[in-house]
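Residue numbers (the working numbering), protein chains in the order written: chain D, 1 to 150; chain P, 1 to 456.
Glycine is no exception: its CB is placed at the ideal position from the N, C-alpha and C atoms.
Since the structure is predicted, the reported quantities are computational estimates derived from the model, not experimental observations.
(1) Check whether the Cβ atoms of residue 455(P) and residue 66(D) sit closer than 8 Å, and answer yes or no.
(2) Of all Cβ atoms in chain D, is any one closer than 8 Å to the Cβ of residue 444(P)?
(3) Which residue from 252(P), 264(P), 394(P), 340(P) puts its Cα closest to that of residue 86(P)?
(4) Give the range of the alpha helix (DSSP H) segment to which residue 138(D) is assigned.
(5) What runs of the beta strand (DSSP E), each 3 residues or longer, lie entirely inside the stretch 41 to 119 of chain D?
(6) If you draw a straight line from the C-alpha of residue 404(P) to the C-alpha of residue 74(P), how long is it?
(7) Quick one: does residue 63(D) have its CB under 8 Å from some CB of chain P?
(8) Starting from the C-beta of residue 142(P), find all residues in its chain whose C-beta is less than 8 Å away, skip the five residues before and the five after it, and write them out in chain order.
(9) Hey, residue 76(D) and residue 23(D): beta-carbon distance below 8 Å or not?
(10) Since residue 80(P) and residue 253(P) should fall inside the 8 Å C-beta cutoff, what is the C-beta to C-beta distance between them, to a whole number of angstroms?
(11) Distance, Cα to Cα, residue 322(P) vs residue 151(P)?
(12) Taking any Cβ of chain D, which residues in the stretch 408 to 437 of chain P have a Cβ under 9 Å from it, in chain order?
(13) With three or more beta-carbon pairs closer than 8 Å as the criterion, would you say the stretch 94 to 109 of chain D touches the stretch 363 to 382 of chain P?
(14) Determine, for residue 454(P), whether the minimum Cβ-Cβ distance to residues of chain D falls below 8 Å.
(15) On a CA-only basis, which of 28(D), 128(D), 49(D), 134(D) is nearest residue 8(D)? Give me that one, please.
(16) Considering only residues of the stretch 289 to 322 of chain P, which uninterrupted alpha helix (DSSP H) runs meet the minimum length of 4 residues and lie entirely inside it, listed in chain order?
(17) Could you please give me the residues that DSSP links to residue 388(P) through a beta bridge?
(18) Are any of the Cβ atoms in chain D nearer than 8 Å to that of residue 78(P)?
(19) Where does residue 449(P) land, buried or exposed, given buried means 16+ other C-beta within 10 angstroms?
(20) Per DSSP, what are the beta-bridge partners of residue 429(P) in this structure?
(21) Any idea what DSSP makes of residue 437(P), helix, strand or coil?
(22) Does the distance from the C-beta atom of residue 336(P) to that of residue 137(P) stay below 8 Å?
(23) In angstroms with no decimal places, state the Cα-to-Cα distance between residue 4(D) and residue 231(P).
(24) Give the DSSP-derived three-state secondary structure of residue 36(P) in the structure shown.
(25) Could you tell me whether the stretch 403 to 421 of chain P touches the stretch 163 to 172 of chain P, where touching means 3 or more Cβ pairs closer than 8 Å?
(26) Express the C-alpha separation of residue 72(D) and residue 59(D) in angstroms, rounding to a whole number.
Structure (structure tokens):
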């Protein structure tokens, strides 16, 4: 089994303690709620769009270090990017944390998000890392329904 | 339980003769290491008495406790979720399938007779374990959850009508909430909730106020799985009975930790699961007072629960078979019997005393940890230590402890209303069994300190 630092990377600890973009956007162009019944993680992702561009993205909620850091880094990563890019990043992020192999995902696209690569060694924590992304995805699709990891 | 024990001045400890090989009462030296002595120590002063099992011998009966996790010795502290199984239980199931397997209650051949005999013997063992009056008051089901569903469906369906109320407590497991919620929805009744205080104790004054002419049934847990609170079920039953209200006790967390006497408590129903008292999964029991069971309609229908079937009508079987449709979990039942034997050989009172001592030790140990808050501080508690740590989510605590080989539960423990009551999303929960040791508690405490290091 991997070292704990593979999961709790310093960058992850930092983002979990001081989450970026941890606020509401009001009014938001789209938002969605995410919930992980296993551990009670709950968050809302807000987005303001300018055409196809994610002009602003933020989140609020409570959760474990992994989900909080994942939400924080996701918002930092997607701000100013296109909707298309956000969806692509979600796909690549998902491939990375579900352990589909080093070559299976686009490292360049994920950049700093690579600190989450250790999550794949901790199967029960994959949902913690993916919850913010699923929620963002739902917000973009404007389904307006609550996302759950179960 | 703690107060009941401290109040009693124990001068003699009566141990069954067969227990000598398994346990001994000995004074623990200050370093908590176990001495080899088998002298029975007798003292008047309970606080001074360090009652201990020969834990090492007991642990040898549980093969899984010898295994390692990530190269570290397993410290299994998730006993409220499920307990580990002694070799005696594993062997009983193996022996059943190796030597005795046959269907029960129908064959005329030797094996079927043997299997039936063994199956019914376990019913008798359960009856003795909970001190029911009659074997036929013990119904085998899949577990406590199915037990409550059976009661809600068959008994609740009879007594709860439109405008009526079902009363539960704020510390119930989902399995003692949802069946009643569904029943209330079907019947146009309301579910009422007895509040608890900040220690996690039921507010008996509020309970009294909630017992009205509309209340048709009370269902409360014996021991809270999330908080460890031991509820005063005897008193609560007495209070309900003054209003003529029947009471269901969810004993999933009670049966493993203390002597159960359904006649003394006088509850109408009591349920528990075998897997939480060192038996296999998929088997549990419903105890019900005979007159009520007689009056209730069957739960499921099919074979075994009938006396005679024609296409026009069916005559249902007598108790307890009326409630046991289809081929039962015979091997599971045999395993439950072996688990009851195992626990009874050690002695439920001895188990309770040892676990209480371990809980007290663990409570003191974690209370000393910086920024840690214990959730559930009732004066009467059993084997459950729920806590939150400032700056670390329970799920992270669970992962970090797991890396140290320490298995705890992190989450809402299927008791989301309890979490809401305390304004927290989740807790980390260590729950103890009699095979756990103070050394294991120390390992857990070191692992919790490691959480602090990771998040420093």
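Well, looking at it:
(1) Looking up residue 455(P) in the second chain gives position 455. Looking up residue 66(D) in the first chain gives position 66. One thing to note: residue 455(P) has its Cβ no nearer than 8 Å to the Cβ of residue 66(D).
(2) As a working mapping, residue 444(P) is identified with position 444 in the second chain. So, not an interface residue.
(3) Residue 86(P) sits at position 86 when you count from the first residue of the second chain. Measuring from the Cα of residue 86(P), the nearest candidate turns out to be 340(P).
(4) The residue given as residue 138(D) occupies position 138 in the first chain. Annotation: the continuous alpha helix (DSSP H) that includes residue 138(D) extends over 126 to 141.
(5) Within the stretch 41 to 119 of chain D, the complete beta strand (DSSP E) runs of at least 3 residues are 41 to 50, 53 to 62.
(6) By 1-based counting over the second chain, the position of residue 404(P) is 404. By 1-based counting over the second chain, the position of residue 74(P) is 74. CA-to-CA, the gap between residue 404(P) and residue 74(P) works out to about 8 Å.
(7) To locate residue 63(D), count along the first chain from 1; it is residue 63. Against chain P, the CB of residue 63(D) has a partner CB under 8 Å away; the residue lies at that interface.
(8) As a working note, residue 142(P) is residue 142 in the second chain. Taken in chain order, the residues that qualify are 282, 283, 284, 329.
(9) Within the first chain, residue 76(D) is the residue found at index 76, counting from 1. Within the first chain, residue 23(D) is the residue found at index 23, counting from 1. Going by C-beta atoms, residue 76(D) is not nearer than 8 Å to residue 23(D).
(10) Mapped onto the second chain, residue 80(P) falls at position 80. Mapped onto the second chain, residue 253(P) falls at position 253. About 6 Å separates the two Cβ atoms, so the contact holds.
(11) Along the second chain, read from residue 1 onward, the residue named residue 322(P) stands at position 322. Along the second chain, read from residue 1 onward, the residue named residue 151(P) stands at position 151. Distance between the alpha carbons of residue 322(P) and residue 151(P) is about 13 Å.
(12) Here the close residues are 410, 411, 412, 416, 419, 424, 425, 426.
(13) In short, these stretches do not touch, since the Cβ pair count stays below three.
(14) Your numbering for residue 454(P) matches position 454 in the second chain. For residue 454(P), the answer is yes, since a Cβ of chain D falls inside 8 Å of its Cβ.
(15) In the first chain, the residue the question calls residue 8(D) occupies position 8. Distances from the CA of residue 8(D) to each of 28(D), 128(D), 49(D), 134(D) were compared; the closest alpha carbon is that of 128(D).
(16) If only uninterrupted alpha helix (DSSP H) runs of at least 4 residues are considered, those enclosed by the stretch 289 to 322 of chain P are 290 to 295.
(17) For this step, residue 388(P) is matched to residue 388 along the second chain. DSSP lists 373(P) as partners of residue 388(P).
(18) Mapped onto the second chain, residue 78(P) falls at position 78. Not an interface residue.
(19) What you label residue 449(P) is simply residue 449 of the second chain in a count that begins at 1. Answer is exposed; the Cβ neighbour count stays below 16.
(20) Within the second chain, residue 429(P) is the residue found at index 429, counting from 1. In the DSSP assignment, the residues bridged to residue 429(P) are 386(P), 409(P).
(21) Translated into positions along the second chain, residue 437(P) becomes position 437. If DSSP states are grouped into helix, strand and coil, residue 437(P) belongs with coil.
(22) If you number the second chain from 1, residue 336(P) lands on position 336. If you number the second chain from 1, residue 137(P) lands on position 137. For residue 336(P) and residue 137(P), no; Cβs fall outside 8 Å.
(23) Taking the first chain and counting its residues from 1, one reaches residue 4(D) at position 4. Taking the second chain and counting its residues from 1, one reaches residue 231(P) at position 231. In this structure, the alpha-carbon of residue 4(D) lies about 40 Å from that of residue 231(P).
(24) Here residue 36(P) corresponds to residue number 36 of the second chain, with the count starting at 1. Low local confidence applies: a pLDDT of 34 at residue 36(P) is under 50, so the model's placement there is unreliable, with the coordinate-based value given in what follows. Here DSSP, grouped into helix, strand and coil, assigns residue 36(P) to coil.
(25) The stretch 403 to 421 of chain P, when compared against the stretch 163 to 172 of chain P, does touch it at the 8 Å Cβ threshold.
(26) For the purposes of this step, residue 59(D) is taken as residue 59 along the first chain, with counting starting at 1. For the purposes of this step, residue 72(D) is taken as residue 72 along the first chain, with counting starting at 1. Computed Cα separation, rounded: 8 Å.
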